[in-house]
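Student: Those sequence lines, one after another, are chains A and B.
Sequential numbering of the first sequence, starting at 9, is according to our numbering.
Sequential numbering of the second sequence, starting at 2, is according to our numbering.
I'd like to ask you about the structure that follows.
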Amino acid sequence: MAKEGAKGEALRGSYGAGRTRSYEWRVAQLKGIVKMAEEREKDIVDALYADLAKPETESYLHEISLIKSSCKFALKGLKNWMKPEKVSSSITTFPSTALVVPEPLGVVLIMSAWNYPFILSLDPLIGAIAAGNAAVLKPSEIAPATSSLLAKLLPEYLDNSCIKVVEGAVPETTALLEQKWDKIFYTGNGKVGRIVMAAAAKHLTPVVLELGGKSPVIVDCNVDLKVAVKRIAVGKWGCNNGQACIAPDYIITTKSFAPKLVDALKFCLEKFYGKDPLESKDISRIVNSNHFNRLSNLLDDKLVADKIVHGGQRDEKHLKIAPTLLLDVPDDALIMKEEIFGPLLPIITVDKVEESFGIINSRTKPLAAYLFTKNKKLEEAFVRSVSAGGLLINDVALHLANPHLPFGGVQESGTGSYHGKFSFDAFSHKKAVLSRGFGGEASARYPPYTPQKQKILRGLLNGSFLALILALIGWPRD
Amino acid sequence: MAAEVAAVVEEVRRGFESGRTRAYEWREAQIRAIARMIAEREGEITTALRDDLAKPEIESYLHEVSMAKSSCMFALKELKNWVKPEKVKSSITTYPSTAEIVSEPLGVVLVISAWNYPFLLSIDPIVGAVAAGNAVVLKPSELAPATSSLFAKILPEYVDNSCIKVVEGAVPETTALLEQEWDKIFYTGNGKVARIVMAAAAKHLTPVVLELGGKSPVVVDSNIDLDVAAKRIVVGKWGCNNGQACIAPDYIVTTKSFAPQLVDALKTTLEKFYGKDPLASKDLSRIVNFNHFNRLTSLLDDEGISDKIVYGGQRDEKGLKIAPTLLLNVPNDSPILKDEIFGPLLPIVTVDEVEDSFNIIKSKTKPLAAYLFTKNKKLEEEFVKNISSGGMLINDIALHLSNPYLPFGGVGESGTGSYHGKFSFDAFSHKKAVLSRGFGGEARARYPPYTPQKQRILRGLIDGSIISLLLALFGFPRD
């Protein structure tokens, strides 16, 4: 695995030479990514289809077009993002400036996931480049067509001396994690997230971990039911067939409303995917047999056998599982324990909708939490009570497309965030710079410390920063 | 003992889960109480610092008591603004929708502080944690035992004991604490222990702030006011806990031609400040313990450098004192140029041109602070552009940490994360994105079954801008 080390070394050389620092270099790379997404769209769509049977509309909407938007947003904002930020220094009476200067961290490692293998590789890379870093991208081996496409395309469109792709599985990833990086950006699951952070700890490397969790959807009875179920259905099965970090994982609704909700969902599912959803071309397949088996086990769990109210069909040969609804699964069923990450949607019921908050808070904090309601008070209580990476009221998944909102988790769902300027910040060091002249000397500041000097300092210092700094930098004058 | 520690954490977690720390009133009350504690118990605090470090009263007042109080006052003044959700742009949607970022507490946090500014480095992070609505456990450094037991005694008298606790102890207690599950760990100290802290945090995916150190260089140009520069360097080094400070000047780099003048100016200043017998001066902290005393004397006794001492070098083992010491032109591979000195020794390295100093600095790991003394604006710009460090200060030492509008923290080996002012509040908060829509604005093109016609609509709309994408998703064209 020496080659991973060699790649890291080579990058350090290019980074040290200063290539990545200029505005022009960063712009050129970002434009290169846009060009790649435009010129090679078909190759990308084909790779996503090979890896996931991802429908072309989804590939376009969720991966290609979002990457282009992300680049364009960065291109538009970059000049401002790179500018040092003046901060308050009016507290000093003498000419002095205080600035926060963003600088690149250096050479960063990006490890992406298999479910949105194109965008989850390039979106962090956009941030790394915008911030002036060199980067190694390690795409997921579980999406091999996209991985090798990236290995082929990136060198054609980007500066190969500063941006490299390393393909591989556990051995290559382990070798990469042994190197010293200036930041590691990992998208995936909590188990590997711990391994990444432990490896990073050896070098004191800061990390962003974009993980997942069980993203709940609370459905109140006071909703436009027809619209709500369409949004839930497209947010679940229309996002890589539920294999998405912010896909609805489970629904909580009231016992009285559940029958209506289930009917509406069934109706909507049939409208979207037809009577035989295993035949529909509009749903991604399950990524591999590993995950197919994992999901089948959740369905075969004795505790849920009689809880399936829609779907449940499978096609092992083609790795397909139909959109499946389960109602009133017990708390200790397997399907309520881990993130589902697939086309199964359990619905649990409560007496009053507010009870859902306690249920959500009894679990680890998810990446996203959703609420459908017209009731403003319920919405406020939800925002106040439920902690998650992000919240969305009356829709699913869209919040990640707003570049002014930070996208990231909390606790088990992750640490750090990105998108928009948050991506730039994630890969920057914010260096504090204070600049003074030689005027403004306060002898009270210097030894030997006399009672008189103490009195002066105390007299000045009434506990405010203003007085403290005035005392330190030169008032009263000598 | 592990069970005791677990019980403490359990209790604090129950305190957090009761919801009491979230209220604005609670946060304000705690910070006011801490400010009151500082005001009422200043005498005991100063005494503890004298016991632990022989810290001069003015330093205790200026650098610990008064800074801790300012931190409280700044937080109290700004807290109302900090806790408000921040509205962000959502004009890109054509329908009523709001996007905001809501700050929430992370939960139960662990603050591990250091021995050199044992009071400030405990209080300052606590103020941030509490301002952000968290419950806190403080583990003060056992190497400053008087301050540690003072905290254990007086903090409970002022703050809400169900949510803010002190756990004293050494390695066993710290290890037990690190095995618990925290929502954030804030550690101030050295890189070796920081790796242990981060590895422990990794088991629970706990985010960390690590405030570490490094070799903070001082580049001294010839184009300066030498008198003022020397005073500021001396007070920034020996006037900050006798060099035992994370941002104290660690080594100087100057030109061969300027070095003699600089050395003379430093000697003059040192004698003015500390007299002819600095071991007798009351205005210098002592070395914290024998461990560090021996570490520092070994640096001085290193064969390669004993003839490089141009000032000082005297020691008093019984009193744990080492005089301010200047060394000139020590060899590059001397131990004193390798690890952070953290003491009253100041090596001066010389170069031909002052710009040569940049490569020397870059050959070492990124420090917590880097300093430059010059009147030359071009040199200043080059310095800021080329040198990476936690923070930088031109023409003075250490002051940048007292500006609450500047983030204080390291990079690379000198740390991760930052605090002070609002950065403290942010360090202990989760910034939750919240997007809220209504039920209007439905775009059929968004939903299966995916037809070529729907694709065309979406493509037509989406020219790669976020606006079009969201318009398409949210409802234009209307159905």
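Think of the CB as a built atom: it goes at the ideal place given N, C-alpha and C, for glycine as much as any other residue.
Take Val355(B) as the anchor and find which of Leu338(B), Leu373(B), Pro368(B) and Ala69(B) has the nearest alpha-carbon.
Tutor: Reading the second sequence from its first residue, position 354 is the one you call residue 355(B). For Val355(B), the nearest C-alpha among the options comes from Leu373(B).
Student: When you compare each of Lys382(A), Val361(A), Val391(A) and Gly16(A) to Ala183(A) by their alpha carbons, which one comes out closest?
Tutor: For the purposes of this step, residue 183(A) is identified with residue 175 of the first sequence, where counting begins at 1. It is Gly16(A).
Student: Establish whether the CB of Phe17(B) and some CB of chain A are separated by less than 9 Å.
Tutor: Position 16 of the second sequence holds residue 17(B). Judged by the 9 Å Cβ criterion, Phe17(B) is not in contact with chain A.
Student: Using the beta-carbon count (16 or more within 10 Å), is Gln419(A) buried or exposed?
Tutor: Counted from its first residue, the first sequence places residue 419(A) at position 411. The residue is buried, with at least 16 neighbouring Cβ atoms inside 10 Å.
Student: Output the distance between the C-alpha atoms of Glu12(A) and Glu180(A), rounded to the nearest integer angstrom.
Tutor: The residue labelled residue 12(A) in the question sits at position 4 within the first sequence. The residue labelled residue 180(A) in the question sits at position 172 within the first sequence. Rounded to whole angstroms, Glu12(A) to Glu180(A) spans 7 Å at the Cα level.
Student: Who are the near neighbours of Leu329(B) in its chain, counting only those whose CB is closer than 7 Å to its CB and skipping five residues on each side?
Tutor: Within the second sequence, residue 329(B) is the residue found at index 328, counting from 1. Around Leu329(B): Ala260, Val264, Lys309, Val311 and Ile349.
Student: In chain order, what are the residue ranges of uninterrupted alpha helix (DSSP H) at least 4 long that sit wholly in the stretch 384-445 of chain B?
Tutor: Listed in chain order, they are 422-428.
Student: To the nearest whole angstrom, what separates the beta carbons of Met119(A) and Gly196(A), a pair I think is in contact under 8 Å?
Tutor: Counting from 1 along the first sequence, the entry for residue 119(A) is found at position 111. Counting from 1 along the first sequence, the entry for residue 196(A) is found at position 188. Between Gly196(A) and Met119(A) the Cβ distance is about 7 Å, and since that is below 8 Å, they are a contact.
Student: Counting pairs of beta carbons, one from the stretch 66-83 of chain A and one from the stretch 238-252 of chain A, are three or more of them closer than 8 Å?
Tutor: yes
Student: Helix, strand or coil, according to DSSP, for Pro348(B) in the structure here?
Tutor: If you number the second sequence from 1, residue 348(B) lands on position 347. Here Pro348(B) sits in strand by DSSP.
Student: So that I know if they touch, is there some Cβ in chain A lying closer than 9 Å to that of Asp397(B)?
Tutor: Here residue 397(B) is taken as the residue at index 396 of the second sequence, counted from 1. At least one chain A Cβ lies under 9 Å of Asp397(B).
Student: What does a CB cutoff of less than 7 Å around Leu303(A) pick up in its chain, not counting 5 residues either side in sequence?
Tutor: As a working note, residue 303(A) is residue 295 in the first sequence. Apart from the 5 residues on each side of it in sequence, Leu303(A) sits with its Cβ closer than 7 Å to the Cβ of Ile294, Ile329, Gly350 and Leu352 in its chain, given in chain order.
Student: Give the straight-line distance between the Cα atoms of Glu41(B) and Ser71(B), rounded to the nearest whole angstrom.
Tutor: On the second sequence, position 40 is the one that residue 41(B) refers to. On the second sequence, position 70 is the one that residue 71(B) refers to. Computed Cα separation, rounded: 15 Å.
Student: Tell me which same chain residues have a C-beta within less than 8 Å of the C-beta of Pro7(A), skipping the five on either side of it?
Tutor: This structure does not reach residue 7(A), given that chain A is present from 9 up to 486, and the question cannot be answered.
Student: Which residues of chain A have a Cβ atom closer than 9 Å to the Cβ of Arg196(B), listed in chain order?
Tutor: In the second sequence, counting from the first residue as 1, residue 196(B) sits at position 195. Correct list: Ala209, Lys210, His211 and Leu212.
Student: What's the gap between the Cα of Asn191(B) and the Cα of Glu212(B)?
Tutor: Numbered from its first residue, the second sequence carries residue 191(B) at position 190. Numbered from its first residue, the second sequence carries residue 212(B) at position 211. About 8 Å.
Student: What is the DSSP secondary structure of Arg444(A), reduced to helix, strand or coil?
Tutor: On the first sequence, position 436 is the one that residue 444(A) refers to. Arg444(A) falls in the coil class under three-state DSSP.
Student: Please list, in chain order, the residues of the stretch 86-119 of chain B that have any C-beta partner in chain A closer than 8 Å.
Tutor: Val89, Lys90, Ser91, Ile93, Ala100, Ile102, Val103, Glu105, Leu107 and Gly108
Student: Take Lys289(A) and list the residues in its own chain whose beta-carbon comes closer than 7 Å to its own, dropping the five residues that flank it on each side.
Tutor: Mapped onto the first sequence, residue 289(A) falls at position 281. If we look at Lys289(A) and ignore the five residues flanking it on each side, its Cβ neighbours are Pro63.
Student: Would Pro267(A) be called buried (16 or more neighbouring beta carbons within 10 Å of its own) or exposed?
Tutor: If you number the first sequence from 1, residue 267(A) lands on position 259. By the Cβ-count criterion, Pro267(A) is exposed, with fewer than 16 other Cβ atoms from all chains shown falling within 10 Å of its own Cβ.
Student: Ignore the nearest five residues each way along the sequence and tell me which others in Tyr25(B)'s own chain have a CB closer than 8 Å to its CB.
Tutor: By 1-based counting over the second sequence, the position of residue 25(B) is 24. So the list reads Leu80, Lys81 and Val84, once near-sequence residues are dropped.
Student: Using the beta-carbon of each residue, which ones in chain B are nearer than 9 Å to Pro456(A)?
Tutor: Here residue 456(A) corresponds to residue number 448 of the first sequence, with the count starting at 1. Within 9 Å Cβ-Cβ: Lys273, Phe274, Tyr275, Gly276, Ser282, Lys283 and Asp284.
Student: What does a CB cutoff of less than 7 Å around Gln315(B) pick up in its chain, not counting 5 residues either side in sequence?
Tutor: Taking the second sequence and counting its residues from 1, one reaches residue 315(B) at position 314. Cβ within range, chain order: Leu280 and Ala324.
Student: Starting from the beta carbon of Pro57(B), find every residue of chain A whose beta carbon is closer than 7 Å, and list them in chain order.
Tutor: Taking the second sequence and counting its residues from 1, one reaches residue 57(B) at position 56. In chain order: Tyr457.
Student: Say whether chain A places a C-beta atom closer than 9 Å to the C-beta of Leu122(B).
Tutor: Locating residue 122(B) in the second sequence gives position 121, counting from the first residue. No, no contact with chain A.
Student: Return the chain-ordered list of same chain residues with a C-beta closer than 7 Å to the C-beta of Arg479(B), the five sequence neighbours on each side being excluded.
Tutor: Within the second sequence, residue 479(B) is the residue found at index 478, counting from 1. Because the pLDDT at Arg479(B) is just 47, under 50, the model does not fix this residue reliably, and the point stays unresolved.
Student: Check Phe435(A) in the structure and name its three-state DSSP category.
Tutor: For the purposes of this step, residue 435(A) is taken as the residue at position 427 of the first sequence. In this structure, DSSP gives Phe435(A) a state outside helix and strand, which the three-state scheme calls coil.
Student: Measuring only the C-alpha atoms, how far is Tyr488(A) from Glu101(B)?
Tutor: Missing from the structure shown is residue 488(A); chain A here goes from 9 to 486 and no further.
Student: Please decide whether Glu287(A) counts as near chain B, where near means a Cβ-Cβ distance under 9 Å.
Tutor: Taking the first residue of the first sequence as position 1, residue 287(A) is located at position 279. By this cut-off, Glu287(A) is not an interface position.
Student: Indicate whether Tyr159(B) and Met38(B) have their beta-carbon atoms separated by less than 9 Å.
Tutor: Residue numbering aside, residue 159(B) sits at position 158 when the second sequence is read from its first letter. Residue numbering aside, residue 38(B) sits at position 37 when the second sequence is read from its first letter. A contact, by the Cβ cut-off of 9 Å.
Student: Please say whether Val128(B) and Ala69(B) have beta carbons closer to each other than 9 Å?
Tutor: On the second sequence, residue 69(B) is found 68 positions in, with the first residue counted as 1. On the second sequence, residue 128(B) is found 127 positions in, with the first residue counted as 1. Contact: yes.
Student: Just the C-alpha distance for Met393(B) and Arg444(A), rounded to the nearest angstrom, thanks.
Tutor: Taking the first residue of the second sequence as position 1, residue 393(B) is located at position 392. Taking the first residue of the first sequence as position 1, residue 444(A) is located at position 436. Taking the straight line joining both Cα atoms gives about 11 Å.
Student: What residues from chain A crowd round Phe409(B), counting only those whose CB sits closer than 9 Å?
Tutor: For this step, residue 409(B) is matched to residue 408 along the second sequence. Per Cβ cutoff of 9 Å: Ala440.
Student: Let me make sure I understand the geometry here. Which of Leu333(A), Glu324(A) and Lys199(A) has the alpha-carbon closest to that of Gly422(A)?
Tutor: Within the first sequence, the letter at position 414 stands for residue 422(A). Answer by Cα proximity: Lys199(A).
Student: Rounded to whole angstroms, what's the CA-CA distance from Glu93(A) to Leu107(A)? Just pull it up for me.
Tutor: Counting from 1 along the first sequence, the entry for residue 93(A) is found at position 85. Counting from 1 along the first sequence, the entry for residue 107(A) is found at position 99. The straight-line gap from Cα to Cα measures roughly 5 Å.
Student: List the residues of chain A that Gln456(B) touches, going by C-beta distances under 8 Å, in chain order.
Tutor: As a working note, residue 456(B) is residue 455 in the second sequence. Simply Glu64, Thr65 and Tyr68.
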